[in-house]
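Q:
In the working numbering, the protein residues as written are 1 to 218.
#1: Taking only the alpha-carbon atoms, compute the straight-line gap between residue 147 and residue 216 and give it to the nearest angstrom.
#2: Give me the residue from 150, 152, 119 with the minimum Cα distance to residue 51.
#3: May I ask you to report which of helix, strand or coil DSSP gives residue 113?
#4: Taking 7 Å as the limit between beta carbons, can you name the residues of its chain near residue 55, skipping five residues before and five after?
#5: In whole angstroms, give me the CA-to-CA distance for residue 206 and residue 66.
#6: Do residue 98 and residue 144 have their C-beta atoms within less than 8 Å of each other?
#7: For the stretch 83-95 and the stretch 103-117, state whether three or more C-beta atom pairs, one from each stretch, are separated by less than 8 Å.
#8: According to DSSP, is residue 146 helix, strand or coil?
#9: Would you kindly check if the distance between the Cβ of residue 150 and the Cβ of residue 57 is under 8 Å?
#10: By how many angstroms is the C-alpha of residue 30 removed from the C-alpha of residue 60?
#11: What's the gap between the Cα of residue 126 and the Cα of residue 203?
#12: My understanding is that residue 114 touches residue 85, with C-beta atoms under 8 Å, so please give their C-beta distance in whole angstroms.
#13: State the beta-bridge partners of residue 95 as determined by DSSP.
#14: Exposed or buried, residue 10, counting other C-beta atoms within 10 Å across all chains shown (16 or more means buried)?
#15: Is the beta carbon of residue 153 less than 8 Å from the beta carbon of residue 210?
#16: Which of the three DSSP states, helix, strand or coil, is assigned to residue 133?
#17: What does the Cβ neighbour count give for residue 161, buried or exposed, with the cut at 16 atoms within 10 Å?
#18: Where does residue 139 fall in DSSP's three states?
#19: Can you list, in chain order, the residues of its chain whose CB lies under 6 Å from that of residue 44, leaving out five sequence neighbours each side?
#20: Taking all protein chains shown into account, decide if residue 138 is buried (16 or more other Cβ within 10 angstroms of its Cβ) or exposed.
#21: Please list, in chain order, all residues of the same chain as residue 94 whose beta carbon is under 8 Å from its beta carbon, the five residues on each side excluded.
#22: With distance defined between alpha-carbon atoms, name the residue in 73, 72, 68, 74 nearest to residue 83.
#23: Shortest alpha-carbon distance to residue 26 belongs to which of 12, 130, 100, 73?
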């Protein structure tokens, strides 16, 4: 299972990749990701930002079943909501959704003002139908930022045993929602409940295995 570093390293390796061009020189949405996402081969020559996110998560080794495999931004958002993996607060490695169903990318970092992303099918102006993979800086409170999907990652140090809680350091707990408004911290922590629930279950499973092995040794 992947850590956020695995996702970010793969994302960075793709920055600068460009789709193909028609004979007249126009960008044509022909790219390497669609043929390499099982079930999304049909999406070749279509807008590919969501396909890119699926490709990243699959090839980074993110836990299967903790993210959607889809070429549709709207379907991705709905999947996260239906699986209790949706938040208005960002997390590193999370899938950012723009404009409900317009565009998507993956979060590489954030602070109280900006969200830093790497996105497929965009350009230097932040288009929702661009020409390649770009690193972008988005205004965190922009109305165009709809919310975030939260896949499951492991910790950096003990990836086989412990799941991380959104893999974000404590700085987010001190980021303001706006001048004179409340802290983000309470809602941010509420948004991690799914990963915490999974962590508790995994610890219980491991404890049961240890107890079973101890009984055999005795």
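For every residue, glycine included, the Cβ atom is placed at its ideal position computed from N, Cα and C.
A: A quick look at the data gives this:
#1: 49 Å
#2: 119
#3: coil
#4: 33, 36, 37
#5: 20 Å
#6: yes
#7: yes
#8: strand
#9: no
#10: 22 Å
#11: 42 Å
#12: Not a contact, Cβ separation roughly 23 Å.
#13: 106, 149
#14: buried
#15: no
#16: strand
#17: Caution applies to residue 161, whose pLDDT of 38 falls short of 50 and renders its modelled position unreliable; the model cannot decide the point.
#18: strand
#19: 34
#20: buried
#21: 87, 106, 107, 148, 149, 150, 151, 166
#22: 68
#23: 130
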